[in-house]
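Asks: Before I ask anything, here is the structure I am working with.
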Amino acid sequence: MSFERVCALSDLTVGTAAQALVGGKLVAMVRDDNGHVHAVEDECSHGKVSLSEGDVVGCFLECWLHGSRFDLFTGEPATLPATAAIRVYPVRLEGEDVYVSVDPADIAAAGSQLSAAT
Ligand code: FES
986 MSFERVCALS DLTVGTAAQA LVGGKLVAMV RDDNGHVHAV EDECSHGKVS
1036 LSEGDVVGCF LECWLHGSRF DLFTGEPATL PATAAIRVYP VRLEGEDVYV
1086 SVDPADIAAA GSQLSAAT
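Numbering (our numbering), first residue to last: 986 to 1103.
What follows is the structure, given as structure tokens:
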């Protein structure tokens, strides 16, 4: 378990992505319209540009360069031209604090929880 405190919940503006550095990796942080906090890889799988500079549309993050939209829950691209998923990192909320892990073991555990829930 390698969760790192990234920010306070109140630091995240609803509907706007922000960049964070977690465990040496750039992460795009998003608080969506429903209050869910997401952490995803901050690099588009199509053109290697920063996704945190893109727009949040519902529970999708749209790449500013060519417009691919990535599902913030699964990392899968919902629109072309991107065809590969981006990594989704597990998020924990503890009171007002937001924690993220980029540890592969935590990512795998979060993925299996997601699978079990669906
Ligand atoms: S660089 Fe992101 S869709 Fe092309």
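Each residue gets a CB set at the ideal place from its N, CA and C atoms; glycine is no exception.
Under the criterion of a Cβ to heavy atom distance below 7 Å, does Gly1052 qualify as lining the ligand FES?
Replies: As a position in the sequence shown, residue 1052 is number 67, starting the count at 1. Flag set: Cβ of Gly1052 near the ligand FES.
Asks: Val1025 and Phe1055: beta carbons closer than 8 Å?
Replies: Here residue 1025 corresponds to residue number 40 of the sequence shown, with the count starting at 1. Here residue 1055 corresponds to residue number 70 of the sequence shown, with the count starting at 1. Yes.
Asks: Quick one: does the C-beta of Pro1066 sit closer than 7 Å to a heavy atom of the ligand FES?
Replies: As a position in the sequence shown, residue 1066 is number 81, starting the count at 1. It does: the Cβ of Pro1066 is within 7 Å (strictly closer) of some heavy atom of the ligand FES.
Asks: Under three-state DSSP, which class holds Ser1063?
Replies: One-based indexing of the sequence shown puts residue 1063 at position 78. Note that residue 1063 is Ala in the sequence shown, not Ser. In this structure, Ala1063 counts as coil in the three-state DSSP scheme.
Asks: Looking at the unbroken beta strand (DSSP E) that takes in Glu989, where does it start and where does it end?
Replies: Translated into positions along the sequence shown, residue 989 becomes position 4. Segment 989–993, the beta strand (DSSP E) holding Glu989.
Asks: The ligand FES and Val1034: does the residue's C-beta get closer than 7 Å to at least one heavy atom of that ligand?
Replies: Numbered from 1 along the sequence shown, position 49 holds the residue referred to as residue 1034. Yes, since a heavy atom of the ligand FES falls inside the 7 Å radius drawn around the Cβ of Val1034.
Asks: Which full runs of the beta strand (DSSP E) of 3+ residues lie inside the stretch 1010–1074, going along the chain?
Replies: List check, beta strand (DSSP E) in window: 1010–1016, 1022–1026, 1040–1042, 1045–1047, 1054–1056.
Asks: Applying the 10 Å Cβ sphere with the 16-neighbour rule, what's the burial state of Arg1016?
Replies: The sequence position of residue 1016 within the sequence shown is 31, counting from 1. Buried, because 16 or more other Cβ atoms sit within 10 Å of the Cβ of Arg1016.
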